[in-house]
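J.: Structure provided below as structure tokens; questions to follow.
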């Protein structure tokens, strides 16, 4: 997603190695006393994202740094890769990031990018650019901006209903008045996420909350 977003196709390998190094540094270099819940989420998310692309970048390193693994012991090779949703903490961070990407585009009033992100540009169905633009116009008729800082990303504005097969997730927009009565709601397809190795979201509602 990020490679496509920032046009880094030719540098994908370098980006992956950089993310792998960042994960290792955070995992082994941050003292336990300095670890927060937010940092742990980032570490889990980074590790799972790298594993879904190329687990070999982390498997050998984790074997070498494991205190319970004898130096001469061969690396255990799983029969099949762990499903993406098997690491709930990392997957939750992925869903949160993917949904907040939509909040950032909403804050920029970029209905075109939102429609493209939902894959509705060609089909003309679902959440098209025109549909997004209508909601954006309605929101900004009431509020001057949308918060995208730490408070906007906080757990108080994210509601997750975890059900077998699919999650229902609502991201409440951080409006300047503090009304918190606008939001974006998505359905997360767990099976499709495992198959694609990325969080698969479908917008089901956006606008003023009931």
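In the numbering used here, the protein residues as written are 7 to 216. The beta carbon of each residue, even a glycine, is placed where N, CA and C say it ideally should be.
With contact counted as at least three CB pairs below 8 Å, one residue from each stretch, are the region 178-188 and the region 94-107 in contact?
T.: No: the two stretches stay apart, fewer than three of their Cβ pairs being nearer than 8 Å.
J.: My assumption, with CB atoms under 8 Å, is that residue 32 sits in contact with residue 49. Please give the rounded CB distance.
T.: Start at 1 with the first residue of the chain shown, and residue 32 comes out as number 26. Start at 1 with the first residue of the chain shown, and residue 49 comes out as number 43. That belief holds up - the Cβ atoms of residue 32 and residue 49 are roughly 5 Å apart, short of 8 Å.
J.: Go ahead and label residue 180 buried or exposed: buried means 16 or more other beta carbons lie within 10 angstroms of its beta carbon, across all protein chains shown.
T.: Residue numbering aside, residue 180 sits at position 174 when the chain shown is read from its first letter. The residue in question, residue 180, is buried, as its Cβ has 16 or more Cβ neighbours within 10 Å.
J.: Can you list, in chain order, the residues of its chain whose CB lies under 7 Å from that of residue 118, leaving out five sequence neighbours each side?
T.: Your numbering for residue 118 matches position 112 in the chain shown. Counting only Cβ-Cβ distances below 7 Å, and skipping sequence neighbours, we find 135.
J.: Can you give the beta carbon distance from residue 152 to residue 113, rounded, assuming they're within the 8 Å contact cut?
T.: Sequence index remark: in the chain shown, residue 152 carries index 146 (1-based). Sequence index remark: in the chain shown, residue 113 carries index 107 (1-based). Yes, residue 152 and residue 113 are in contact; Cβ-Cβ is about 4 Å, under 8 Å.
J.: In angstroms, rounded to a whole number, what distance separates the CA positions of residue 21 and residue 147?
T.: Locating residue 21 in the chain shown gives position 15, counting from the first residue. Locating residue 147 in the chain shown gives position 141, counting from the first residue. Using only the alpha carbons, I get a separation of about 40 Å.
J.: Judging by CA-CA distance, which residue of 209, 214, 178 and 199 is the nearest neighbour of residue 93?
T.: As a first step, residue 93 must be located in the chain shown, where it is residue number 87. That would be 199, whose Cα lies nearest to the Cα of residue 93.
J.: Do you know offhand how far residue 116's Cα is from residue 154's?
T.: Numbered from its first residue, the chain shown carries residue 116 at position 110. Numbered from its first residue, the chain shown carries residue 154 at position 148. Taking the straight line joining both Cα atoms gives about 15 Å.
J.: DSSP three-state call for residue 99: helix, strand or coil?
T.: Your numbering for residue 99 matches position 93 in the chain shown. In the structure shown, residue 99 sits in a helix (DSSP, three-state: H, G or I).
J.: Between 140, 89 and 43, which lies nearest to residue 54 when the distance is taken from Cα to Cα?
T.: Residue numbering aside, residue 54 sits at position 48 when the chain shown is read from its first letter. Closest by alpha carbon: 89.
J.: Please tell me whether residue 143 has its Cβ less than 9 Å away from any Cβ of chain B.
T.: Judged by its chain identifiers, the structure shown contains no chain B, having just a single protein chain.
J.: Between the Cα of residue 191 and those of 164, 28, 24 and 171, spot the shortest distance and give me the residue it belongs to.
T.: Translated into positions along the chain shown, residue 191 becomes position 185. With distances taken between Cα atoms, residue 191 lies closest to 164.
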